[in-house]
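Participant:
2 protein chains.
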Amino acid sequence: MSAGDSHTASPDLNERLEVSGFRFTPQRQRVYDVLHEKRDHPTAEEVFIRAKHGMPDISMATVYNCLDALVKSGLARQVTLERGATRFCPNMAEHAHFHCDTCGRVFDVALAPDSTLLPLPKGFKINRCDIAAHGICADCARKAK
Amino acid sequence: MSAGDSHTASPDLNERLEVSGFRFTPQRQRVYDVLHEKRDHPTAEEVFIRAKHGMPDISMATVYNCLDALVKSGLARQVTLERGATRFCPNMAEHAHFHCDTCGRVFDVALAPDSTLLPLPKGFKINRCDIAAHGICADCARKAK
DNA sequence: CGGCTATTTAGAATTATTCTAAGTATTGAC
DNA sequence: GTCAATACTTAGAATAATTCTAAATAGCCG
């Protein structure tokens, strides 16, 4: 079996799931792989469609379950940018999202190192912080001219 | 008629709607008032329930239509913090939102004056930027002890 | 192996939102 | 002021996104 074989349980995935009280399953591996194959912030339905290639019997409910397990294990983030379907992102590094209002694509944007300093009221404790910019991407801006 | 009578068309509301190509209607006034009476980021359904007090025949479809008109006129913001219903916020000043994962309440948080500097790739143009923090609010943190 | 529990599955149910068609109100032209 | 055009409201149907349910399956630990 080759080193890069994506059907092998990633040691990381396996461990991270177990630490969070989840079991490793082929379906979770598949969903995890789908998120990493094309990091374009797919919706649950898009993940479902992609996951079926190579695992035709996987069901929508399982995709939701797997995405949930990945999110709770700190292996993916849920991204809610607009009304409508939630998107999923396997990039766990601190970053913001840019949503193009014209084409609908979502881009990862690095953050300036000091940028997340919210002056919170006393007693509030922050777990995570989502930054979502909306506008027009370079491609669409060019075409619009 | 008293100066503070909220049933009078606010000159601002009236004008802002017209500038954006919308008509002024009593329903839009009512929805606008509801958002300002209690600035707690209600969902469309909560707005609907509140709007019915004093306007019992207003319909859900109209609430959606009014909220849409207000958002498009720059008089309210749509806030999508999590899976589930969209919330609405009449605070048009630049600010972030804090969502308490325990009680579900949403708080406005002022921003540090310099905080919104995303290093965007070339050609990208930003319209607006939503910052959403998630964690635990002071009340819930105290109770949890 | 055998029992326990997590997971998967298909499909039903629920929730949030949008659409539709008919009626009503408002506006602008005359 | 009347008329036509258009915007708006309404109830209810339709759609989309997600969650729930119950039964079957699979992995884990003794």
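Protein sequences, first through last, are from chains G and P.
If you read the first sequence in this note's numbering, its first letter stands for residue 1, the second for the next number, and so on.
If you read the second sequence in this note's numbering, its first letter stands for residue 1001, the second for the next number, and so on.
For each residue, glycine too, the CB sits at the ideal point set by N, CA and C.
Please read all numbers here as calculations on a predicted model, not as lab measurements.
#1: Alpha carbon to alpha carbon, how far is residue 1004 of chain P from residue 1014 of chain P?
#2: Kindly indicate if chain G contains any beta-carbon less than 8 Å away from that of residue 1109 of chain P.
#3: Within the same chain, show all residues whose beta-carbon is closer than 8 Å to that of residue 1064 of chain P, passing over the 5 residues directly before and after it, in chain order.
#4: Beta carbon of residue 1079 of chain P, beta carbon of residue 1036 of chain P: below 8 Å?
#5: Which same chain residues end up closer than 7 Å to residue 52 of chain G when comparing Cβ atoms and leaving out the 5 residues on each side of it in sequence?
#6: Residue 1083 of chain P versus chain G: which residues are under 9 Å apart at the beta carbon?
#7: Could you tell me whether the Cβ of residue 141 of chain G comes closer than 8 Å to any Cβ of chain P?
#8: Just to make sure I have the definition right: I need the residues of chain G whose C-beta is within less than 8 Å of the C-beta of residue 1125 of chain P. Which are they?
#9: Count Cβ pairs between the stretch 1079 to 1095 of chain P and the stretch 1105 to 1113 of chain P that sit closer than 8 Å; are there 3 or more?
#10: Name the residue from G:75, G:76 and G:33 whose alpha carbon lies nearest to the alpha carbon of residue 55 of chain G.
#11: CA-CA distance, residue 8 of chain G and residue 38 of chain G?
#12: Report the residue ranges of all beta strand (DSSP E) runs contained in full by the stretch 50 to 119 of chain G; include only those spanning at least 3 residues, in chain order.
#13: Does the separation of the CB atoms of residue 1146 of chain P and residue 81 of chain G fall below 8 Å?
#14: Take residue 1099 of chain P as the anchor and find which of G:135, G:121 and G:144 has the nearest alpha-carbon.
#15: Taking Cβ positions only, does residue 1098 of chain P come closer than 8 Å to chain G?
#16: Check the Cβ-Cβ distances between residue 1090 of chain P and every residue of chain G, and say whether any is below 8 Å.
#17: Can you tell me which of P:1138, P:1134, P:1143 and P:1125 puts its alpha carbon nearest to the alpha carbon of residue 140 of chain G?
#18: By Cβ distance below 6 Å, which residues in the same chain neighbour residue 72 of chain G in space, the five residues on each side in sequence not counted?
#19: Among all the DSSP beta bridges, which residues are the ones paired with residue 1134 of chain P?
#20: Is residue 142 of chain G buried or exposed, if buried means 16 or more other CB atoms sit within 10 Å of its CB?
#21: Are the CB atoms of residue 1017 of chain P and residue 1069 of chain P nearer to each other than 8 Å?
#22: Mind checking who residue 1025 of chain P pairs with in its DSSP beta bridge?
#23: With a Cβ-Cβ cutoff of 8 Å, do residue 1127 of chain P and residue 134 of chain G count as a contact?
#24: Under 8 Å between C-beta atoms, does residue 39 of chain G make it to chain P?
#25: Quick one: does residue 72 of chain G have its CB under 8 Å from some CB of chain P?
#26: Only counting the same chain, and skipping five residues up and downstream in sequence, which positions put a Cβ closer than 8 Å to that of residue 1028 of chain P?
#27: Can you round the beta-carbon distance between residue 123 of chain G and residue 1144 of chain P to whole angstroms, since I take them to be within the 8 Å contact cut?
Facilitator: So, from the listed chains and residues:
#1: Residue placement at residue 1004 of chain P is flagged as unreliable, the pLDDT there being 37, under the threshold of 50; the coordinate-derived value follows with that caveat. Answer to the nearest angstrom: the Cα atoms are 16 Å apart.
#2: yes
#3: 1044
#4: no
#5: 58
#6: 78, 80 and 86
#7: yes
#8: 135, 136 and 141
#9: yes
#10: G:33
#11: With a pLDDT of 44 at residue 8 of chain G, under the threshold of 50, the predicted position of this residue should be treated as unreliable, and no value is reported.
#12: 77 to 79, 87 to 89, 95 to 100 and 106 to 110
#13: This structure cannot settle anything about residue 1146 of chain P, because the visible part of chain P is limited to 1001 through 1145.
#14: G:121
#15: yes
#16: no
#17: P:1125
#18: 20
#19: G:128 and P:1099
#20: exposed
#21: yes
#22: Answer is none; residue 1025 of chain P lacks a bridge partner.
#23: yes
#24: no
#25: no
#26: 1013, 1017, 1022, 1066, 1069 and 1070
#27: Contact doesn't hold; Cβ gap of about 11 Å is too wide.
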